[in-house]
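Heads up: the sequence lines are chains B and R, in that order. The first sequence: position 223 = 223 (the working numbering), numbered continuously. The second sequence: position 4 = 4 (the working numbering), numbered continuously. Notes follow the structure.
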Amino acid sequence: MTGTNELHDLVAPYALDALEPLERARFEAHLDTCEACFEELIGFAATAARLGEAHAETPSTDLRDRILAQAASTPQERVLRTTMPPRWRRALPRLAVAAALLLGVAGVGGYVVEHQRVSEERDQNVAISRVLGAADAETSTKSFSNGGTVRLLTSREQDAAVVVARSLPSPGEGKVYQVWMVSKDVPTSQGTFTTSGTMLMKGVSSADALAVTVEPDGGSEHPTSDPVVTIPV
Amino acid sequence: MAEPARLHVAGGAAEPADPSLLLQRVARGDDAALGQLYDLLGAAVLALARRIVRDPARAEEVTQEVFVQAWQTAARYDPSRGSARTWLMTLAHRRAVDVVRHDQAATDREDRYDWSSGPDHDVVSETVTIRLEQQQVRRCLDGLTPLQREAIELAYYQGHTYPEVAELLDANLATVKTRMRDGLIRLRDCMGVEA
Ligand SMILES: [Zn+2]
Chain B
1 MTGTNELHDL
11 VAPYALDALE
21 PLERARFEAH
31 LDTCEACFEE
41 LIGFAATAAR
51 LGEAHAETPS
61 TDLRDRILAQ
71 AASTPQERVL
81 RTTMPPRWRR
91 ALPRLAVAAA
101 LLLGVAGVGG
111 YVVEHQRVSE
121 ERDQNVAISR
131 VLGAADAETS
141 TKSFSNGGTV
151 RLLTSREQDA
161 AVVVARSLPS
171 PGEGKVYQVW
181 MVSKDVPTSQ
191 GTFTTSGTML
201 MKGVSSADAL
211 AVTVEPDGGS
221 EHPTSDPVVT
231 IPV
Chain R
1 MAEPARLHVA
11 GGAAEPADPS
21 LLLQRVARGD
31 DAALGQLYDL
41 LGAAVLALAR
51 RIVRDPARAE
61 EVTQEVFVQA
71 WQTAARYDPS
81 RGSARTWLMT
91 LAHRRAVDVV
101 RHDQAATDRE
111 DRYDWSSGPD
121 HDVVSETVTI
131 RLEQQQVRRC
141 LDGLTPLQRE
151 AIELAYYQGH
161 TYPEVAELLD
171 ANLATVKTRM
181 RDGLIRLRDC
191 MGVEA
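Here it is as structure tokens:
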């Protein structure tokens, strides 16, 4: 794994989005504790954004209307709004942070804009950072045809895992995705999300698999449909 | 993108098109502000997406996703931590890079190295508006050493990871990281970005 000294060298590649996913996650965990890297990143991120603005191209005339039409039918995220059960709701600030930490979840404008919240949630964030930074962290990913992914990062050492769902196809009107940790065929709910979400799972040493099902809004006590994704733990 | 906002904004037609204010209005559900943000930055987002994902139709999809994601997640924007332009362009770049890596993972990875004679500077031929700011960016890029410029362009405009850049340039990883860092510092200073 990348040592701490080497992590300091990743500010520039990170600002250019030039890190592999796992290294990106590790660097973001490092950013949370390294003020020097964070300060440097502010300037690098602004510089990279300027590179992004160096060209302009005329879009199709109807692109604007398509965007506004899609926005009109897309609910806006309110910070901390959730359909998760209470114990997950309490953990949500941390989950929102983890979403930023991990792989730049689509919809999060990079780490820079999230960092203040990270600072405030530093303590709560430790568990997730530990999983991301664990030397034995393993990652597995399932992809959907629309480009959405469910990613599982597991650390045996920490006896914990982080699940990141990103840009999944809509589960349908009045439905949500529900995440289950399955131990000896017994599923335990880990929370719900609509198209993207992040959650920390503890006690994974006894788990056999992670499963995601489509359930009615609010989630179910037991799965009521076949999993759309299973990942062995 | 020089076209003025087409939607009337309640509260004053003279409202300045400051992306940070627009984004904060978007966060409150103001779709006219989303339209104005698009008028301001849509052409830049599209050009960036086009450079990275290449396919014009895919680039428009990415642009649409980026603005819809801005709509969805504008509440997360914190103006005390950098400009809304940076926020949006960071979002756009990350999305385009993720898309191109996802797409390319599904194809023969060797395909990506076909152009290895160097970055293609002519992909974006249809430049509409060259603002002073854009000219400045180009002038600053011209001020880099060739090696710094290559490393930064392969990563930022082509979506390569730094290990891929190292392979393409036949350089070791430490050298590539150093070139990227030195290049960004030089660009930052040239552009007058607050460090
Ligand atoms: Zn550091």
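Think of the CB as a built atom: it goes at the ideal place given N, C-alpha and C, for glycine as much as any other residue. Model, not experiment: these values are computed from the prediction.
Buried or exposed by the 16-neighbour rule on C-beta atoms within 10 Å, applied to residue i
i, result
"H102(R)", "exposed"
"T73(R)", "buried"
"D62(B)", "exposed"
"E65(R)", "buried"
"L40(R)", "buried"
"G42(R)", "buried"
"V186(B)", "exposed"
"G35(R)", "buried"
"S205(B)", "exposed"
"S60(B)", "exposed"
"D217(B)", "exposed"
"S225(B)", "exposed"
"S155(B)", "buried"
"P21(B)", "buried"
"K184(B)", "exposed"
"L80(B)", "Reliability of the predicted coordinates at L80(B) is poor, the pLDDT of 44 falling under 50, and the value obtained from them is presented with this limitation in mind. Exposed: under 16 other Cβ atoms inside 10 Å."
"L132(R)", "exposed"
"A57(R)", "exposed"
"T47(B)", "buried"
"G191(B)", "buried"
"A36(B)", "exposed"
Cβ of residue i within 7 Å of any chain R Cβ
i, result
"E35(B)", "no"
"L7(B)", "no"
"G43(B)", "yes"
"H55(B)", "yes"
"T47(B)", "yes"
"A29(B)", "no"
"G52(B)", "yes"
"L210(B)", "no"
"D32(B)", "no"
"L152(B)", "no"
"L22(B)", "no"
"D17(B)", "yes"
7 Å Cβ cutoff, residue i in contact with chain B
i, result
"E60(R)", "yes"
"V100(R)", "no"
"L22(R)", "no"
"A47(R)", "yes"
"G192(R)", "no"
"R85(R)", "yes"
"T175(R)", "no"
"A57(R)", "no"
"A155(R)", "yes"
"V97(R)", "yes"
"T145(R)", "no"
"R50(R)", "yes"
"A171(R)", "no"
"R54(R)", "no"
"R139(R)", "no"
"R181(R)", "yes"
"A166(R)", "no"
"L220(R)", "Examination of residue 220(R) is not possible in this model, given that chain R is present from 1 through 195 alone."
"R188(R)", "yes"
"Q158(R)", "no"
"R94(R)", "yes"
"A17(R)", "no"
"Q64(R)", "yes"
"Q148(R)", "no"
Residue-chain proximity (residue i, chain C), Cβ-Cβ < 7 Å
i, result
"Q76(B)", "The structure shown contains no chain C; its protein chains are B and R."
Can you list, in chain order, the residues of the region 26-42 of chain R whose Cβ is nearer than 7 Å to any Cβ on chain B?
So the close ones are G29, D31, L34, G35, Y38, G42.
Report all residues for which the CB-ligand distance to some heavy atom of ligand 1 is below 7 Å; order them along the chain.
L7(B), H8(B), H30(B), C34(B), A36(B), C37(B)
Of all the alpha helix (DSSP H) runs that stay within the bounds of the region 29-59 of chain B, which reach a length of 4 or more residues?
35-52
The region 160-171 of chain B: which residues have C-beta closer than 7 Å to a C-beta of chain R, in chain order?
none
Run through the region 162-186 of chain R for me and flag every whole beta strand (DSSP E) of 3 or more residues, listed as ranges in chain order.
none
Taking Cβ-Cβ distances below 9 Å as the criterion, which residues of the region 64-75 of chain B are in contact with chain R?
R64, R66, I67, L68, Q70, A71, A72, T74, P75
Closer than 8 Å, Cβ to Cβ, to anything on chain R: give me those residues from the region 173-200 of chain B, in chain order.
So the list is empty, because no residue satisfies the distance condition.
Please give the ranges of any beta strand (DSSP E) in the region 145-207 of chain B, keeping only runs that are unbroken, at least 3 residues long and fully inside the region.
Taking only runs of at least 3 residues, the beta strand (DSSP E) segments lying wholly in the region 145-207 of chain B are 149-155, 160-166, 175-183, 186-193, 197-202.
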